[in-house]
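There are 2 protein chains.
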Amino acid sequence: MIELDFNNILYAVLGPVHSISDGELNNTIANNAHICAEIQEERQQGKHPWMDLAERGIEDILGLARSKAKRWENFLVLGIGGSALGTRTLLEALKPPFYNLLPAKERNGYPRLFVLDNIDSDETQALFKLINPQKTLFNVVSKSGETTETIASLLITLKLLKKHLGKKYTQNLIVTTDKDNGFLRRLVNKEGYLSFETPKGVEGRYSVLSPVALLPAAFIGIDIKRLLQGASILDQYIQKTAADKNPAYISALINFIFDTQKHKNILVIMPYSVKLKAFAEWFRQLYPESLGKRYNIDNKEVFAGPTVLNALGVTDQHSQIQLYNEGPNNKLIVFIEVEKDKDDMVIPASVKDDSALFLAGHSLHQLMLAEKSATEYALVKSRRPNYTIRLKELSEETIGALLYFWQLNTVYAGKLYRVNPYGQPGVDAGKRATFGLMGRKGFEKEIADISDTLTKDKHWIMRI
Amino acid sequence: MIELDFNNILYAVLGPVHSISDGELNNTIANNAHICAEIQEERQQGKHPWMDLAERGIEDILGLARSKAKRWENFLVLGIGGSALGTRTLLEALKPPFYNLLPAKERNGYPRLFVLDNIDSDETQALFKLINPQKTLFNVVSKSGETTETIASLLITLKLLKKHLGKKYTQNLIVTTDKDNGFLRRLVNKEGYLSFETPKGVEGRYSVLSPVALLPAAFIGIDIKRLLQGASILDQYIQKTAADKNPAYISALINFIFDTQKHKNILVIMPYSVKLKAFAEWFRQLYPESLGKRYNIDNKEVFAGPTVLNALGVTDQHSQIQLYNEGPNNKLIVFIEVEKDKDDMVIPASVKDDSALFLAGHSLHQLMLAEKSATEYALVKSRRPNYTIRLKELSEETIGALLYFWQLNTVYAGKLYRVNPYGQPGVDAGKRATFGLMGRKGFEKEIADISDTLTKDKHWIMRI
Numbered sequence: 046m047i048e049l050d051f052n053n054i055l056y057a058v059l060g061p062v063h064s065i066s067d068g069e070l071n072n073t074i075a076n077n078a079h080i081c082a083e084i085q086e087e088r089q090q091g092k093h094p095w096m097d098l099a100e101r102g103i104e105d106i107l108g109l110a111r112s113k114a115k116r117w118e119n120f121l122v123l124g125i126g127g128s129a130l131g132t133r134t135l136l137e138a139l140k141p142p143f144y145n146l147l148p149a150k151e152r153n154g155y156p157r158l159f160v161l162d163n164i165d166s167d168e169t170q171a172l173f174k175l176i177n178p179q180k181t182l183f184n185v186v187s188k189s190g191e192t193t194e195t196i197a198s199l200l201i202t203l204k205l206l207k208k209h210l211g212k213k214y215t216q217n218l219i220v221t222t223d224k225d226n227g228f229l230r231r232l233v234n235k236e237g238y239l240s241f242e243t244p245k246g247v248e249g250r251y252s253v254l255s256p257v258a259l260l261p262a263a264f265i266g267i268d269i270k271r272l273l274q275g276a277s278i279l280d281q282y283i284q285k286t287a288a289d290k291n292p293a294y295i296s297a298l299i300n301f302i303f304d305t306q307k308h309k310n311i312l313v314i315m316p317y318s319v320k321l322k323a324f325a326e327w328f329r330q331l332y333p334e335s336l337g338k339r340y341n342i343d344n345k346e347v348f349a350g351p352t353v354l355n356a357l358g359v360t361d362q363h364s365q366i367q368l369y370n371e372g373p374n375n376k377l378i379v380f381i382e383v384e385k386d387k388d389d390m391v392i393p394a395s396v397k398d399d400s401a402l403f404l405a406g407h408s409l410h411q412l413m414l415a416e417k418s419a420t421e422y423a424l425v426k427s428r429r430p431n432y433t434i435r436l437k438e439l440s441e442e443t444i445g446a447l448l449y450f451w452q453l454n455t456v457y458a459g460k461l462y463r464v465n466p467y468g469q470p471g472v473d474a475g476k477r478a479t480f481g482l483m484g485r486k487g488f489e490k491e492i493a494d495i496s497d498t499l500t501k502d503k504h505w506i507m508r509i
Numbered sequence: 046m047i048e049l050d051f052n053n054i055l056y057a058v059l060g061p062v063h064s065i066s067d068g069e070l071n072n073t074i075a076n077n078a079h080i081c082a083e084i085q086e087e088r089q090q091g092k093h094p095w096m097d098l099a100e101r102g103i104e105d106i107l108g109l110a111r112s113k114a115k116r117w118e119n120f121l122v123l124g125i126g127g128s129a130l131g132t133r134t135l136l137e138a139l140k141p142p143f144y145n146l147l148p149a150k151e152r153n154g155y156p157r158l159f160v161l162d163n164i165d166s167d168e169t170q171a172l173f174k175l176i177n178p179q180k181t182l183f184n185v186v187s188k189s190g191e192t193t194e195t196i197a198s199l200l201i202t203l204k205l206l207k208k209h210l211g212k213k214y215t216q217n218l219i220v221t222t223d224k225d226n227g228f229l230r231r232l233v234n235k236e237g238y239l240s241f242e243t244p245k246g247v248e249g250r251y252s253v254l255s256p257v258a259l260l261p262a263a264f265i266g267i268d269i270k271r272l273l274q275g276a277s278i279l280d281q282y283i284q285k286t287a288a289d290k291n292p293a294y295i296s297a298l299i300n301f302i303f304d305t306q307k308h309k310n311i312l313v314i315m316p317y318s319v320k321l322k323a324f325a326e327w328f329r330q331l332y333p334e335s336l337g338k339r340y341n342i343d344n345k346e347v348f349a350g351p352t353v354l355n356a357l358g359v360t361d362q363h364s365q366i367q368l369y370n371e372g373p374n375n376k377l378i379v380f381i382e383v384e385k386d387k388d389d390m391v392i393p394a395s396v397k398d399d400s401a402l403f404l405a406g407h408s409l410h411q412l413m414l415a416e417k418s419a420t421e422y423a424l425v426k427s428r429r430p431n432y433t434i435r436l437k438e439l440s441e442e443t444i445g446a447l448l449y450f451w452q453l454n455t456v457y458a459g460k461l462y463r464v465n466p467y468g469q470p471g472v473d474a475g476k477r478a479t480f481g482l483m484g485r486k487g488f489e490k491e492i493a494d495i496s497d498t499l500t501k502d503k504h505w506i507m508r509i
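The listed protein sequences derive, respectively, from chains A and B.
Reading the first sequence from the start, the letters are residues 46 to 509 in this note's numbering.
Reading the second sequence from the start, the letters are residues 46 to 509 in this note's numbering.
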C-alpha cells in the first residue's frame with residue numbers, strides 16, 4: 046500500500062555532513078524505540094483519542110448522506126484551519142480535478158463542495174452570489190463552537206437563509222461541534238438544527254477521520270468506509286510491528302534528527318500529484334502546529350519545531366528547485382509519489398522535431414515519474430537529503446493510510462522533541478487581541494496593551 | 046498607492062537580538078546606497094530589460110483581445126513556472142473569486158481562464174474533458190520554446206485540436222515564445238500560428254508585464270494599460286527618489302540583514318486577501334529562484350538565498366501562527382494588507398448571544414484588519430520581526446505597482462547578496478536527467494550517472 050524509501054539520506058549516498066550513517070541511524074532507532082511503547086500505553090489510557098477514530102461507527106453519516114446528499118446542488122462548509130483542511134484534502138485527493146465545474150451528471154448527482162475558510166469579503170460575496178441558498182446545505186464546523194471567523198460567516202449565512210427560506214431555513218444547516226460546550230452547541234439546542242459531534246479530545250488538525258471531514262466527504266460520494274479501512278490497516282500494522290520496522294516512527298525520527306542535529310530546520314513536503322496539493326497544506330498545519338512549541342513537557346523554553354514548506358511536483362521544479370539545489374543546505378525534502386495512475390494519457394507524436402519526438406509514446410505519468418527521479422538525482426548530486434513515500438495508487442484506502450501515517454508520525458515526533466503535540470497556546474494572544482479590537486466585553490485590557498505594543502513612535506513608514 | 050510600515054522590526058519595539066536599531070538601519074542604508082545608482086546605470090546599459098516593460102507598446106495585444114476575446118468560451122494557457130504564475134496572479138487579483146464558475150454573462154462575455162502548469166494526467170484528462178476544444182483558445186507559453194512539460198501538453202493539445210477541427214485547428218492556437226530560437230518558434234514558422242514574442246533578456250519570473258501574462262489578462266478583460274501605468278508610476282517614483290527614501294531598496298536591505306545577520310533565513314509572505322494568494326506563489330518563485338545561488342558574482346561558493354514561505358491571512362492563523370509565535374525565531378514576516386474593500390459586507394446580528402453579538406455591525410473587512418493587527422501584536426509580543434505593505438485598494442494600478450516593486454526589490458537584493466538575480470543554473474542537472482530518463486538522444490551519459498548516484502544498495506526501503 047505504501048512504500049518508504051529512505052536511501053537518499055544516507056552517508057553512503059550523500060557523503061558526510063548532510064547525511065546520516067547506517068550505524069548512527071540504527072543506534073538512534075534503538076535508543077528511542079521506547080517511545081513507541083509509551084505511546085501505545087498512553088493510547089490505552091485514552092490520551093490519543095484520534096487514534097481510535099477509524100474504528101468508530103459512521104452509520105449516522107452514511108445514512109444521512111445516502112438519503113439526502115443528492116438533493117442538494119451545493120454543500121458548503123463554514124470552517125477554518127482543522128475544520129477545513131481535512132475536507133479540502135479528501136475532496137482534492139478523491140474526486141476529479143475541477144470537480145465543482147463538472148455538470149451534475151458527471152458528479153453522479155452529488156452536490157458541489159465549497160469550503161469557506163476565510164472572512165474575505167470579496168470571496169464571501171462572490172460565493173454567496175454563486176450559490177442558490179435554497180439548494181445549498183451549510184455545514185458549520187468548529188470544535189470549540191466559538192471560532193470567531195466561522196461565527197462571522199454563520200451570521201451572514203443565517204440572515205441569507207432566513208430571507209430566502211423563512212422558517213424552513215433550519216433544514217439547510219448542519220452543525221458539527223462539541224457535544225456539550227460552546228456557542229454552536231447552545232445554538233443547536235435552541236434552534237434544533239441537525240448536528241454531529243466532534244469527538245472529545247480530538248483537536249482540529251487530528252480530526253480528518255471524524256465527522257468534521259467525513260460528513261462533507263460522504264455528501265460528495267467519497268467512500269468513507271474504505272477511507273477508514275485504509276487508516277485501520279495502517280494502525281493495525283504499526284501496532285504489531287517492532288519499533289525498528291515501524292516506518293511512522295522511523296520517518297519521525299529522521300525528520301527530528303535532520304532538524305535538530307543536521308541543521309535542516311525546513312521540512313519540504315512535495316507530492317508529485319495535483320491531487321495531493323491540499324494534502325500538503327493539511328500537513329503544513331499538522332506538523333508545525335503540533336511541534337512548534339515554546340515550552341517542552343519539562344516546562345523548559347525550547348522554541349522547537351520544523352518549518353514545513355509545501356511544494357508541488359513537477360510544477361514547483363520551475364519555482365523552488367533552484368533554491369533547494371543551490372541555496373542553503375537547510376532542508377529535508379519529502380517526496381510523495383503515486384506509482385500507478387488509472388487515467389494515464391499517452392503523449393502523441395504530433396510534431397516531428399527532436400525537441401518533441403523523444404516524448405512521444407511515453408505517458409504523462411511516466412514523464413512525471415521521470416522528472417521526480419531526475420529531481421531526486423539532482424538533489425543527491427548537490428548533497429541535499431531527501432526521501433520518498435510511494436503510494437501504490439490514489440484510492441480511499443491509501444489516502445486513509447497516508448493521513449493516519451502522518452498523524453502518527455506527528456505524535457512520535459512530539460515525543461522526540463519532548464513537546465506536547467496537542468494544544469496551540471501560541472495563538473491565544475492573537476485571539477484575545479481580536480476580541481479586544483472588535484470591542485468584545487471583557488477584553489478592554491487587550492486594547493490598551495495593543496496600542497502600547499504597536500504604536501510607539503511610528504517613524505519608519507514610507508509612502509508611494 | 047502603497048504604504049510600507051517597517052516599525053515592527055525595530056529595537057525600540059522588539060527589544061534586542063531579533064531586531065535592528067535605528068542607528069544600525071540608517072548606517073546600513075547609507076553604506077549600501079551606491080547599489081541604487083549602480084542598478085540605474087546597468088539599466089541604461091540594457092542589463093535589466095524587464096524594467097522597461099511597462100513602457101512598451103501593447104497595441105497588438107489590446108487590438109487582438111478587443112476583436113477576439115469574447116468569441117471564446119475558454120482561454121487555456123499551457124505554461125509552467127514563470128509562464129504560469131504571473132497569469133494566475135493577475136486572474137486572482139483582478140477578477141472575482143470563482144471566476145471560472147460564473148456564467149458567461151457575469152464574466153461580461155469574456156472566456157474562462159485555465160492555466161495548465163503541470164503534467165499530471167488526472168488534471169490534464171479532467172481539463173480536456175471539461176472544455177470544448179472548438180471553443181477554446183490555447184496559448185502556449187515558453188520563453189525558451191523548449192520546456193519539456195509545455196511541449197508534452199502541446200503535443201496532446203495538437204492531437205485533440207486536429208481531431209476536432211481538422212485543418213482549421215491553427216486558429217485555436219497562439220504561441221508566446223522567443224522571436225528567433227527554440228522549438229516553438231520553429232513550429233510557428235512552419236505552421237503559421239499566431240504568435241507573440243517574449244522580450245529578449247527577460248526571464249520567466251520577470252515576465253509578468255510582458256505578453257506572457259498580459260495576453261491572457263487582456264483576454265479576460267483586465268485593463269492591462271492601467272496595470273502597466275501602476276508599474277510605471279512606481280518606476281518613476283523610484284528613479285527620482287534618493288536611496289534613503291527608496292522603499293524597494295530599503296525593504297530589500299531589511300530582508301537581507303535579517304537573513305544574513307539576524308538568523309531569519311525564512312521570509313514569510315502573508316497577504317490578508319484571498320485575491321493575493323496567487324501573488325504570494327508568484328513571489329515564492331521570484332525571490333528564491335533569483336537569490337538562491339551556489340556561487341556569487343566573484344565566483345565564490347556561498348549557497349545564498351532566503352527560503353520563502355507563502356501564507357494567507359486570516360486562514361493560516363489557524364495553521365501557521367502557532368509555529369511563527371512559538372517555534373524557532375528564524376522568520377521575517379511580511380504582511381500585505383489592503384486598506385479598502387469595495388465589496389465589503391456587514392456582519393448582521395442574526396443571533397443574540399455574547400459569542401456573536403460583539404461582531405454584529407462590524408464589516409468582514411474590519412474583522413480581517415483587526416485580526417491582522419492582532420496577529421502583528423502577538424508576533425511583536427513574542428519578539429518576532431515583521432513589517433507591512435499596505436495597498437490602498439486592489440486595482441490594476443496597485444497590482445502593477447506591487448509586482449514592479451517586488452521585482453525591483455529582488456534585483457536590489459541580488460546586489461546585496463552579490464549574486465546574479467537572473468539565471469537558474471541549479472535546475473539544469475534535473476532537466477538533463479529527465480532527457481536521459483525519457484530516452485532523448487545525446488543524454489545517454491545521464492542515465493548511467495543517475496543509476497550510479499541513486500541505486501547504491503537500496504537497503505532502507507520499508508513497505509506497509
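No residue lacks a Cβ here, since even glycine has one placed at the ideal position from N, Cα and C.
As the structure is a computational prediction, the values presented were derived from the model and not from experiment.
Determine whether the beta carbon atoms of residue i and residue j lie at a separation below 9 Å.
| i | j | result |
| --- | --- | --- |
| Gly237(B) | Pro94(B) | no |
| Pro351(B) | Asn310(B) | yes |
| Ser255(B) | Asn454(B) | no |
| Tyr422(A) | Ala474(B) | yes |
| Glu137(B) | Gly471(A) | no |
| Ser198(B) | Ile164(B) | yes |
| Ile125(A) | Ser418(B) | no |
| Ser240(B) | Val257(B) | no |
| Thr305(B) | Asn53(B) | no |
| Gln367(A) | Glu416(A) | no |
| Ala446(B) | Met46(B) | yes |
| Phe173(A) | Ile201(A) | yes |
Hey, does residue i have any beta-carbon neighbour from chain B nearer than 9 Å?
| i | result |
| --- | --- |
| Pro256(A) | no |
| Arg463(A) | no |
| Phe450(A) | yes |
| Arg477(A) | yes |
| Ala405(A) | yes |
| Trp95(A) | no |
| Phe51(A) | yes |
Of all Cβ atoms in chain A, is any one closer than 9 Å to the Cβ of residue i?
| i | result |
| --- | --- |
| Met390(B) | yes |
| Met413(B) | yes |
| Ile80(B) | no |
| Phe120(B) | no |
| Met315(B) | no |
- Meets three-Cβ-pair contact criterion under 8 Å: the region 385-395 of chain B and the region 355-366 of chain A: Between the region 385-395 of chain B and the region 355-366 of chain A there are fewer than three C-beta pairs closer than 8 Å, too few to call the two in contact.
- Three or more beta-carbon pairs under 8 Å between the region 433-453 of chain A and the region 338-349 of chain A, yes or no? no
- Item | the region 163-172 of chain A / the region 137-152 of chain B touching (three or more Cβ pairs under 8 Å) | yes
- Query: Going along the chain, which unbroken runs of the alpha helix (DSSP H) with 4 or more residues stay wholly within the region 54-110 of chain A?
  - Reply: 56-59, 67-77 and 79-89
- Do three or more CB pairs link the region 331-342 of chain A to the region 175-184 of chain B at distances below 8 Å? no
- Task: Specify whether the region 481-492 of chain A and the region 396-405 of chain B touch according to this definition: at least 3 beta carbon pairs, one from each stretch, less than 8 Å apart.
- Result: yes
- Message: With a threshold of 8 Å, are at least 3 pairs of Cβ atoms found where one atom belongs to the region 224-232 of chain B and the other to the region 96-107 of chain B?
- Response: no
- Message: Is it the case that the region 257-270 of chain B contacts the region 108-117 of chain B, given that we only count it when at least three CB pairs across the two stretches are under 8 Å?
- Response: yes
- Message: At 4 residues or longer, what runs of the alpha helix (DSSP H) sit wholly inside the region 138-224 of chain A?
- Response: Counting only runs of 4 or more, we get 166-175 and 193-210.
- Which ranges does the alpha helix (DSSP H) cover as unbroken runs of at least 4 residues, wholly within the region 323-350 of chain B, from first to last along the chain? none
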